[in-house]
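Student: Residue numbers for the sequence shown follow this note's numbering, so the first one is -7 and each next one is one higher.
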Amino acid sequence: MPDYAGISMKIHTPFALQGLPELAPATDHSPANQIVDESRCRVSVFVPVMPQAHFWISYRVEEPPTEPEGVFYVFKLLVNGQPLVTWCCDEEEGWRGKTMFSLYDAQQVDAVGGAGMQKMCFHFSKQDEDGLEEQPTELTGEQERCIEVKICRANVKVRVPRGLPKYEGLPDLPGFELRTGGITKRGNPRTFYKFGLLDPFDSPHATFRFYCRTVEEFEALNLKTEQFDIVQPEPTCQASPVSIRSEASDKHWMAPSRIPLIKLERTPSISDSYFSYPNRAPGKKKKRVSTNGDGSPQKIHCEDSPQSSPERRRPVGPRRIISRGTTGPWVPPMPNAPVLPPPVPNHADIWQFGPVTETTTETAETEEEPTVIPRRLSIPPSMVLRPLIAHGPLDASPQKTGVEPEAVSHKDKALPPSPRRRARTETGGLMKCVLANSIARRRNLTNPEAKRGPDAREYNVSFPIYEGAKYDASTTNLTYTIPAPIQHSSSESLRITLSFLSPVTPQSTLRQSIPAAYLTVYVEGDFAVDIYVDINGQWVSGNRGSRIQWDLQQQGLGGEKSLKTWSVQRQDQLLFTEEWDRAEWGTLYFSGPSDVQHECGTSALLRQRFSRTGTLQNQVDGSFRSIMDEEPVFAFSKSFELGNTTTSAKGITEDSVMFTIAHIQDPVVQYASERGLTMMRPLWKSWFFTDDALIKYHYLDFLNADAFASNYSAQLAIDAYKSGSDSYVDIVAVSARQVLGATSFSGTPENPLIFLKEISSNGNCQTVDVIFPAFPFFMYTNPRWLAYLLEPLIEHQMSGQYPNKYSMHDLGTHFPNQTGHADGRDEYMPVEECGDMLIMGLALVNSLKYDTGYSSQSLWSTLGSTAYEEDEDCSHTSAFPLNNLGTLGNALHVDDTWGGGAKGVKQAEKWLKRSYRLWKQWTSYLVEFSLEPQNQLSTDDFAGWLPLQTNLALKGIIGIKAMSELADIAGQAEDAKNFRNISSVYIKKWEDFGMSRDKTHAKLAYNWWGSWTTLYSLFADAILCFHPTITGSTSTSSFEVEVEPDNSFRVQRPHNRPPLATQNNKKPNNRDHTATDFIPHAVYKAQSEWYGIVMQKYGLPLDSRHLYTKSDWEFEAAAVAEPDVRKEILDRVSTWVNETSTDRPLTDLYDTEGDGGFPGPTFMARPVVGAHFSFLALERACGGGNDLD
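1) How would you label K149, buried or exposed, when you count the other beta carbons within 10 angstroms and need 16 or more for buried?
2) Quick one: measure Cβ to Cβ for S717 and L1122, integer angstroms, because I've assumed they're closer than 8 Å.
3) Closest to G896 by C-alpha separation, out of L877, A859, D191 and K688, would be which residue?
4) Within 10 angstroms of its Cβ, does K991 collect 16 or more other Cβ (buried), or is it exposed?
5) Given that a residue counts as buried once 16 or more other Cβ atoms are within 10 Å of its Cβ, and exposed if not, what is N528?
6) Which of the three DSSP states is assigned to K953 in this structure?
7) Provide the residue span of the beta strand (DSSP E) that contains H4, from first to last.
8) With a CB to CB cut of under 6 Å and the five nearest residues on each side skipped, what residues in its chain are close to L12?
9) Please report the residue range of the beta strand (DSSP E) in which R88 lies.
10) Here's a check: name, in chain order, each residue in its chain whose Cβ is nearer than 7 Å to the Cβ of Y689, leaving out the five neighbours to either side.
11) Identify every residue that forms a DSSP beta bridge with F492.
12) Would F764 and D828 be called neighbours here (beta carbons separated by less than 7 Å)?
13) Of the residues S50, E59, V66 and G62, which one's Cα is nearest the Cα of F93?
14) Please report how far the alpha carbon of C757 lies from the alpha carbon of V731, in whole angstroms.
15) Is it buried or exposed for D526, if we count other Cβ within 10 angstroms and need 16 for buried?
16) Going straight from the alpha carbon of F47 to that of L165, what length do you get?
17) Just mark K553 as buried or exposed, buried being the case when its beta carbon has 16 or more other beta carbons within 10 Å.
18) Measure the C-alpha to C-alpha separation of L1094 and T759 and round it to an integer number of angstroms.
19) Quick one: grab the DSSP three-state call for T1139.
20) Measuring only the C-alpha atoms, how far is G86 from P6?
21) My parser needs the beta strand (DSSP E) runs of 3 or more residues fully inside the segment 24 to 89; what are they?
22) Could you tell me the distance, in whole angstroms, from the CA atom of A520 to the CA atom of T512?
23) Can you tell me where the alpha helix (DSSP H) with T501 in it begins and where it stops?
24) In whole angstroms, what is the alpha-carbon distance linking I457 and T473?
25) Following the continuous beta strand (DSSP E) through R171, name the residue where it begins and the one where it ends.
26) Roughly how many whole angstroms lie between the Cα atoms of K424 and H655?
27) Just the Cα atoms here: how many angstroms apart are V674 and G89?
28) Return the CA-CA distance between G816 and F971, expressed in angstroms with no decimal places.
29) Return the first residue and the last residue of the alpha helix (DSSP H) that P768 is part of.
30) Can you pull the DSSP bridge partners for L95?
31) If you drop the 5 nearest sequence neighbours on each side, which residues of the same chain put their C-beta closer than 7 Å to that of Y772?
32) Which residue or residues does DSSP assign as beta-bridge partners of I478?
33) Which of helix, strand or coil does DSSP assign to G188?
34) Using three-state DSSP, classify N973 as helix, strand or coil.
35) What would DSSP say about R539, mapped onto helix, strand or coil?
36) Tell me the rounded alpha-carbon separation between S491 and S466.
Next comes the structure, spelled out in structure tokens:
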């Protein structure tokens, strides 16, 4: 990485995430290309081209300018001497960032006048058989195939009107290409500036040049591979692919600048600062990547690679799906990722726990006085987003081998630096244990040769043996073993399991609404051990410089038991503010039983002292400070006297301790309700008036939460295995928690609401086309939660705060500010959103109307009380209140039944009639605009604008058909007849417009001959019971649910039931089944066959434009495909999950070829993975019994 004037820079590609290798120019080469040219303030290196690869540039300002006051840097990127993009970098961006694309005026204007801007990503050109575009070997031009970044100082910026070059006028860049990255969201970027430069661009403060050459050209230039100045990471080194920030951001945008200015430069205020890092923490020194003594850049090795640094290998837990046989009696499988690590020496006394997430080399921080190496506790993604709740440990025996961390030995090695931290992307926590009665043998790990005081004791630190991870829909268990110490050499290894529970409780909405989690530590062995757990302030702020305050509270639990609780919060609460997707308001509560020791203080001192003594001192540091100022941590420790010890004569060999973690916010969002802008309180607040009351209830409710979670997880495993395979069990288990991780429960028992954050793609709230792909999960799990999600959208638009005639796209540009779009300028997806709302509306109504338990849309809909008190004034109370909670076994706060019988009919009518005007308004829009959609976005907005989209038109037509059914339920016979006739006419025209001439597949757009698309809107047709060929068939393998008569929490068991033909052949709404298919089955069959033809290595591409895919639409398409194609899609998605590893939550957008990585936008942790439940939701739809095989 070249370093000049305190600035370092590097080029990356998806195939070289750590950066392209760099070669210093040979001494006999042109003096213009010498590595450092002080006379021109320039540094130059050579990099290899990677044909057709997308590339981007990362930069870091190690030594920010200090004079004059307010100075910042302005960067200009030039390729072959032609300027492409200009941006600024200052303290607000953390003096870091990445540049990935330029912007051009696409001249695409939507219906309300917003102009789209074309993103153009940087790529290397395609290489022909003889080399890169037949470029000459002898190179003379300084700017030939050169990527150049000029950096000037500036101290003034003035806002100016937007100005971009035309998309039609793209520059010619031999050796490079600009490829479309889609259209930006309307109105973005909103802010453009001119800069007052202190250095003109013809004489910049610093210049970086990267000359891109082939291997043959390296040889001609006397540049050998031995001269590589930066070594590429080993293949096993994990690195985070690049992500694209939401276009909703006002101030992080890149715009091209074609006219060089001397003193003023036009550009939006951008720098892709989502790659920025915070200012260094006080008391820490930051490593600089600089040059060697000979002027060449230093080598940077990927220190997390087992090959390059074996003493620092650490466990990494990529998602794995293990193939399991199906012979013998079937037991719901639990996914594994266990491994057999290398041997660990028996002399270790202190054990640091993981698995620790992989880190990058971008920020390397070390303590001024090194201490025991801290290893961050890996928290499941659902806990990072919204902590939930934990149950008993699952068996985690090793079943698969792999490379795992060796024990850390420092006898002959210098102490490695503290682990690199991925800035602003982690929540702090650490777990370690100390083997008791072995203090005399402890070595000082921090510096073996350092002088120690008279009271210092020696100790060793080693990794435990990682036995693997087990998970289901509710639990993640990490299991480790520790070899017995010398004095217990005859004993077996100590076994420790860290059990995290994020329960999905469709039986109890109240429990689901509690933002808290359980962490249970289980130990098993026959020698004593001390356990330590801590958390830090990163849970309460995304800004490491935020000042925090804390306290220790204690409350009784009944009898002699009590609860210790750390409370941590920002000193200055910033309501409804997020930084790096982390809330800047709210309080973290970390609780444990009264028999644990506690202490808070500087992380290094606490952890080091615990390593020496095995205990804490029950003290509270009263010096409030910032998160990383002598990093304060909040710790508990517990001593386990196992075996025949002096204090445990009974010979106890198993024990556990349970902690809870809660992040409580009140209010949770601000919402533009019918009453105006309202600060919404959390839903649980209606039952528990104080935080302490909630924490106590949650802690004591562990057994009930455990039982509910076990019930859901086991039933899901049964259903998913029957529907797909053991791999499908794994996929839906991971997806369930990810969906709920995006939600926040609010409102009151009379009017419950759920608010949703889009996550990663941008921060939009209540995005309709994000709820839509998630809705199969809610239909299978608890349809009432889907109603609570739709209610904020319906209430807001019923109040007249949204001016357009079509459905809104979202309720706010960034969570948690659900303030609406009074100007009507939300993202323009009119047909998409109207169709989505109407389809979900009918699916919800259908789920209410069933007669028997086996025909309910969700198995848990039939639990609870059937009583229903109808409120005459339906405008002030939800059709689905939570004011009739009951009991199940010994558990309180169980929901009443969801619909069913006369209750379901009344609820459906009440819910629909209150907002009927809105449903009809959206349908009228579809009647006018859905058959031939104008140029607009679909839910796949990253693919750009497109008119006459075939799949989008089909969704709109299905929406019209859905409204005909809703009108029937609402008693509007004329509307029902009208919309039914229109949809029938439209679907015939659609088939003529949208299918290819040979009828083998659907086109991407009506007028795009030779194209094809994944027709995932067929799933909506099927789940709404419009396709009896699928949903009206009989099935002898279908089953109903038999609930134990004693109300215990055992798994619901399937048993045979009569086929559909022997039952009352009615729809869930008591109308006759559709006699004929709304969409001809020939379309289903043709698409299914076509999917088999265009299938790729890792699944089904989204359409003919690209090889990337969306897993949510893959599963919806597979759900209505032929059984062999359905199995093929599932198997290939499973292969993708198996063969690709990432330290990020599950993504829904990935490449179906190559390494299966991110195609540009880095989507992760998005609730759209609820569509992975499409198989399960469709099988339960239309009265159930839909065996898709």
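Every residue, glycine too, gets a C-beta built ideally from N, C-alpha and C. Note that this is a predicted model, so its numbers are computed, not measured.
Tutor: In short, the structure shows the following:
1) With a 10 Å radius around the Cβ and a threshold of 16 neighbouring Cβ atoms, K149 comes out buried.
2) About 6 Å separates the two Cβ atoms, so the contact holds.
3) In terms of CA proximity to G896, A859 leads the group L877, A859, D191 and K688.
4) Around the beta carbon of K991, fewer than 16 other beta carbons sit within 10 angstroms, so the residue counts as exposed.
5) By the Cβ-count criterion, N528 is buried, with 16 or more other Cβ atoms from all chains shown falling within 10 Å of its own Cβ.
6) DSSP, read as helix, strand or coil, puts K953 in helix.
7) Start and end: I(-1) to H4.
8) Closer than 6 Å at the Cβ level, and outside the excluded window around L12, lie I3 and V39.
9) Here the beta strand (DSSP E) through R88 covers R88 to T91.
10) Spatial neighbours of Y689 in its own chain (CB-CB distance under 7 Å, excluding positions within 5 residues in sequence) are listed in chain order as F680.
11) When beta bridges are read from the DSSP output, F492 appears opposite T468 and L511.
12) Result yes, Cβ atoms of F764 and D828 sit closer than 7 Å.
13) Taking only the C-alpha atoms, the option nearest F93 is S50.
14) If I take the Cα positions, the gap works out to 14 Å.
15) Label assigned to D526: buried.
16) Roughly 14 Å separates the two Cα atoms.
17) Exposed, by the Cβ-count rule.
18) Rounded to whole angstroms, L1094 to T759 spans 21 Å at the Cα level.
19) If DSSP states are grouped into helix, strand and coil, T1139 belongs with coil.
20) Going by the C-alpha atoms only, they are around 24 Å apart.
21) Within the segment 24 to 89, the complete beta strand (DSSP E) segments at least 3 residues long are 34 to 40, 48 to 53, 64 to 71 and 74 to 81, listed from N- to C-terminus.
22) Spanning the two alpha carbons is a distance of roughly 18 Å.
23) Counting along the chain, the unbroken alpha helix (DSSP H) around T501 starts and ends at T501 to S505.
24) One C-alpha to the other measures close to 5 Å.
25) Taken as a continuous stretch (DSSP letters only), the beta strand (DSSP E) holding R171 covers F168 to I175.
26) Using only the alpha carbons, I get a separation of about 23 Å.
27) Correcting the residue identity first, residue 674 is Pro in this sequence and not Val. The alpha-carbon of P674 is positioned some 36 Å away from that of G89.
28) Approximately 27 Å between the Cα atoms of the pair.
29) Element bounds for P768: V760 to T773.
30) Within the DSSP bridge table, the entry for L95 names K111 as partners.
31) The answer, listed in chain order, is S850, F1165, L1168, A1169 and R1172.
32) Answer is none; I478 lacks a bridge partner.
33) Here G188 sits in strand by DSSP.
34) N973: helix per DSSP, three-state reduction.
35) It is a strand residue.
36) Straight-line measurement puts the Cα of S466 at about 10 Å from the Cα of S491.
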